[in-house]
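Peer 1: Residue numbers (the numbering used here), protein chains in the order written: chain A, 1 to 101; chain C, 102 to 305. C-beta: ideal position from N, C-alpha, C; glycine also.
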Ligand SMILES: Nc1nc2c(ncn2[C@@H]2O[C@H](COP(=O)(O)OP(=O)(O)OP(=O)(O)O)[C@@H](O)[C@H]2O)c(=O)[nH]1
Ligand SMILES: [Mg+2]
């Protein structure tokens, strides 16, 4: 039901809630910022959370992530955004999840 | 940029680590004037301790003294807090408590464009601070609901009177809430989702 794959042109536009997952283990050969991102993203994490945990501005984090994406050290998944014609099944999934809160 | 060595960085607590299946994210923005309860609402429904993302804005200004043409640059750090709700193993909802001043909204690329919708929190003691944010959302075509945060000493107005005062169209839902309570904040989000659902078309 849920899809969010990107083509290359969209990859550069990282959103606050683009989900990031590391594709490599951090090692001493990486810059400290890159190693920290790889360590944080062993499990999926949003760009906003990476910015918060690293205490780095959003724009700094997106540029670090773009480099890591270019070298395929991380993978990203774009968020599901409001479409011109919003998808009812997505909204139903959100309501179902909220009901459990 | 000053960067702490990566061993001193604390990531999510172990109970906050998302499953590997969590790859689909959606977001909702909570807007409203200064002190209306945005941070409180994010905190009351979030499954994680609310986090903060920062952005810096540099403004060029011209010096006022005789050194004509000398430019001074001031950097302002703007913070935005946010929380998270895991809706299922795959789907994660992020909630952003946006800065009160709309001129800061554009600092975060796609903050509004990509959101499913917005919650406008209002304080009936200071309705005037809500006009600008509502206007901005309408301009950007972001669907929203209005939540009236019930502060103890705030005058209670019937919803229809508030609707007229805010010049809101009939179809925009309005709901009373107490942003400190999880169930109440959850109801606000449900109201937004039901409204978005009513705007959506069924899949063919
Ligand atoms: N009684 C009552 N107090 C509330 C409620 N919501 C927020 N407050 C209080 O109002 C104050 C401001 O709330 P915040 O959540 O910080 O407001 P904010 O919109 O994030 O404020 P800024 O980020 O400074 O614009 C806090 O002291 C809250 O405890 C509510 O529903 N009822
Ligand atoms: Mg706040």
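1) Is the CB-CB distance between residue 134 of chain C and residue 230 of chain C below 8 Å?
2) Taking the straight line between their C-alpha atoms, what separation do you get for residue 302 of chain C and residue 92 of chain A?
3) Between residue 182 of chain C and ligand 2, is the CB less than 7 Å from at least one heavy atom?
4) Which runs of the beta strand (DSSP E) spanning at least 3 residues fall entirely within the stretch 219 to 248 of chain C, listed in chain order?
5) Looking only at its own chain, which residues have a Cβ that is under 8 Å from the Cβ of residue 146 of chain C, when we skip the five neighbours before and after it?
6) Name the residue from A:22, A:42 and A:60 whose alpha carbon lies nearest to the alpha carbon of residue 48 of chain A.
7) Need the endpoints of the alpha helix (DSSP H) that residue 98 of chain A sits in, please.
8) In its own chain, which residues sit with a C-beta less than 6 Å from the C-beta of residue 144 of chain C, not counting the 5 before and 5 after it?
9) Locate the beta strand (DSSP E) running through residue 77 of chain A, then write down its first and last residues.
10) For residue 63 of chain A, count neighbouring C-beta atoms within 10 Å of its own C-beta (all shown protein chains included) and say buried if the count is 16 or more, exposed if not.
11) Going by C-alpha to C-alpha distance, which of C:270, C:245, C:275 and C:246 sits closest to residue 258 of chain C?
12) Roughly how many angstroms lie between the CA atoms of residue 272 of chain C and residue 176 of chain C, to the nearest whole one?
13) Which residue comes first and which comes last in the beta strand (DSSP E) that contains residue 198 of chain C?
14) Applying the criterion that 16 or more other CB atoms from any shown protein chain within 10 Å of the CB defines a buried residue, is residue 164 of chain C buried or exposed?
15) Along chain A, in chain order, which residues have C-beta atoms closer than 9 Å to that of residue 210 of chain C?
16) I want to see whether chain C comes within less than 8 Å of residue 97 of chain A, judged by CB atoms only; does it?
17) Exposed or buried, residue 254 of chain C, counting other C-beta atoms within 10 Å across all chains shown (16 or more means buried)?
18) On the DSSP bridge assignment, give the partners of residue 275 of chain C in chain order.
19) Please identify, using Cβ separations under 8 Å, the residues of the stretch 202 to 232 of chain C that lie next to chain A, in order along the chain.
20) For residue 302 of chain C, verify whether its CB is less than 7 Å away from any heavy atom of ligand 1.
21) Can you determine whether any heavy atom of ligand 1 sits closer than 7 Å to the C-beta of residue 117 of chain C, and answer yes or no?
22) Run the proximity test for residue 281 of chain C: is its beta-carbon closer than 7 Å to any non-hydrogen atom belonging to ligand 1?
23) Any beta carbon from chain A within less than 8 Å of residue 142 of chain C's own beta carbon?
24) Please classify residue 70 of chain A as buried or exposed, where buried requires at least 16 neighbouring CB atoms within 10 angstroms.
25) Indicate the three-state DSSP secondary structure (helix, strand or coil) for residue 37 of chain A in the structure shown.
Peer 2: Inspection of the coordinates gives the following:
1) yes
2) 13 Å
3) yes
4) none
5) Excluding sequence neighbours, residue 146 of chain C sits near 184, 186, 196, 283, 286, 287 and 290.
6) A:60
7) 88 to 99
8) Contacts found: 151.
9) 74 to 77
10) exposed
11) For residue 258 of chain C, the closest of C:270, C:245, C:275 and C:246 by C-alpha to C-alpha distance is C:275.
12) 41 Å
13) It spans 192 to 198 - the beta strand (DSSP E) in which residue 198 of chain C sits, taken as one unbroken run.
14) With a pLDDT of only 49 at residue 164 of chain C, under 50, the local geometry of the prediction cannot be trusted, and no value is derived from it.
15) 13, 14, 15, 16, 58, 59 and 62
16) yes
17) Sixteen is the threshold: since fewer than 16 other Cβ atoms of the shown chains lie within 10 Å of the Cβ of residue 254 of chain C, the residue is exposed.
18) C:247
19) Of all residues in the stretch 202 to 232 of chain C, only 208, 209, 210, 211, 212, 214, 215, 216, 217 and 218 come within less than 8 Å of chain A when Cβ atoms are compared, listed by chain position.
20) No - ligand 1 has no heavy atom lying nearer than 7 Å to the Cβ of residue 302 of chain C.
21) Distances between the C-beta of residue 117 of chain C and the heavy atoms of ligand 1 are all 7 Å or more.
22) yes
23) Judged by the 8 Å Cβ criterion, residue 142 of chain C is not in contact with chain A.
24) exposed
25) helix
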